[in-house]
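> Okay, here's the structure, questions in a sec.
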Amino acid sequence: MKKVSKYLCMLLCLVMLLALAACGKQAAPASAKAEISTVVPGKLTVATSPDFAPYEFYAVEDGTPKLAGFDMALAQYIADYLGLELDVIPMDFDGVLNELAAGGVDLGLAGLSPDPKRMESMDFSEIYYQGGQSFVTVKASADKFKTLEDTNKAEYAIGAQNGSIQMDLANQYSPDADIVPLVKVTDIIAELLGGKLDGAYIETAVAENYAKSYPDLAVVLEVPYDTEGSAVGVKKGNEALLAAVNEAVKAALADGSMDAFIAAANEQSTGEIIEGLLDG
Ligand code: ARG
346 MKKVSKYLCM LLCLVMLLAL AACGKQAAPA SAKAEISTVV PGKLTVATSP
396 DFAPYEFYAV EDGTPKLAGF DMALAQYIAD YLGLELDVIP MDFDGVLNEL
446 AAGGVDLGLA GLSPDPKRME SMDFSEIYYQ GGQSFVTVKA SADKFKTLED
496 TNKAEYAIGA QNGSIQMDLA NQYSPDADIV PLVKVTDIIA ELLGGKLDGA
546 YIETAVAENY AKSYPDLAVV LEVPYDTEGS AVGVKKGNEA LLAAVNEAVK
596 AALADGSMDA FIAAANEQST GEIIEGLLDG
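Position 34, counted from 1, in the sequence shown is what my numbering calls 379; the numbers after and before it change by one each time, with no gaps.
See below:
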């Protein structure tokens, strides 16, 4: 009897050892919900700046403005993938950066460029969309801007969004101009159309999108930029969340969802359904 219990004990020890070894080798999948701590338990809290069609904007549905755009569709996809309830908080773009840096939100989806300067205060997912940068003016002024050097004159008022990499581009390529920081991209569009700005630096997909609704706009120059593409901003230091978001982004790119989100957003964001363009 004694012998039996000795063997049993040894067997049990072996099983436990094997179980421990297995634990060490195979970390739980990043998408396992229990692994991920979020700002509000059970929820995915996401900051966005809905002045940026087709990434994020307000579309009118049955008379009420509703958040739309491919970033919003991707946010929902990520939340579903992680089994979390999505909570999107709209704010100005510099607010998205501040909230991420302060850890007040889990994610920022706002056409964010993974600018190395931002990496001290937030993490970034893999790129989910390849964009580009443009200099934009109105049709009547299009001839004045043949090269980026033409934008660099003291007589010009040149707009860019507060906190954005477009502000860096304005400082880099038009340092002699009067650079006007504006809170919303929709303000920039309104001021261009109203003749208060001579030009502006805007993400190409956004500039082309608004040019479809406002044919007076002219997207005249391509602007070189090193860190091209958009990534999800992730609250700094949450490794499990970052890994899970990367898994979700990879899946959205692989299963055709991202392409469908982009097509739907482009379709939805042109024409009269854009809400609040000129009153910001
Ligand atoms: N890609 C630029 C940046 O990260 C501009 C993003 C602006 N986004 C927005 N939703 N307004 O600085």
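A virtual CB, placed ideally from N, CA and C, is assigned to each residue, including glycine. What you are looking at is a predicted structure, and each value in this text was computed from that prediction instead of being measured.
1) For a test of the three-state rule: what should DSSP assign to M436, helix, strand or coil?
2) Roughly how many angstroms lie between the CA atoms of D396 and K529, to the nearest whole one?
3) For F469, which residues does DSSP report across the bridge?
4) To the nearest angstrom, how far is it from the Cα of A609 to the Cα of A413?
5) Report the CB separation of V577 from V594 in whole angstroms; it is logged as a contact under 8 Å.
6) Please go through the same chain and pick out, in chain order, the residues whose beta-carbon is closer than 8 Å to the beta-carbon of A487, but skip the five residues on each side of it.
7) Give the DSSP-derived three-state secondary structure of Q506 in the structure shown.
8) Can you give me the C-alpha to C-alpha distance between E612 and V551, rounded to a whole angstrom?
9) Is there at least one non-hydrogen atom of the ligand ARG closer than 7 Å to the beta-carbon of E548?
10) In terms of residues, what are the limits of the alpha helix (DSSP H) holding I607?
11) Need the endpoints of the alpha helix (DSSP H) that S558 sits in, please.
12) Determine the extent of the beta strand (DSSP E) in which A413 is found, giving its start and end residues.
13) Leaving aside the five residues before and after K388 along the sequence, list all residues of the same chain whose C-beta is less than 7 Å from its C-beta, in chain order.
14) Check each candidate in K484, A596, Y518 and F438 and name the one with the smallest Cα separation from Q506.
15) Can you determine whether any heavy atom of the ligand ATP sits closer than 7 Å to the C-beta of A455, and answer yes or no?
16) Tell me whether T409 is buried or exposed, calling it buried when 16 or more other Cβ atoms sit within 10 Å of its Cβ.
17) Tell me whether V450 counts as near the ligand ARG, meaning its Cβ is closer than 7 Å to at least one heavy atom of that ligand.
18) Under a three-way DSSP split, which group does Q475 fall into?
19) Using 8 Å as the threshold, is the stretch 471 to 486 in touch with the stretch 538 to 552, meaning 3 or more CB pairs across them?
20) How about S614: is its Cβ closer than 7 Å to a heavy atom in the ligand ARG?
21) Could you say which of D460, L419, D604 and S614 lies nearest to E592 if we only look at CA atoms?
22) Name the two residues that bound the continuous beta strand (DSSP E) containing T393.
23) Taking contact to mean 3 or more Cβ pairs, one atom from each stretch, closer than 8 Å, check whether the stretch 515 to 525 and the stretch 491 to 507 are in contact.
24) Out of Y422, L457 and K484, which has the shortest C-alpha to C-alpha gap to Y474?
Based on what the coordinates show:
1) coil
2) 6 Å
3) G578
4) 10 Å
5) 7 Å
6) A563 and V565
7) strand
8) 13 Å
9) yes
10) S602 to Q613
11) T549 to S558
12) T409 to A413
13) L429, E430 and D432
14) F438
15) With respect to small molecules bound, the structure shown includes the ligand ARG and not the ligand ATP.
16) exposed
17) no
18) coil
19) yes
20) no
21) L419
22) K388 to T393
23) yes
24) L457
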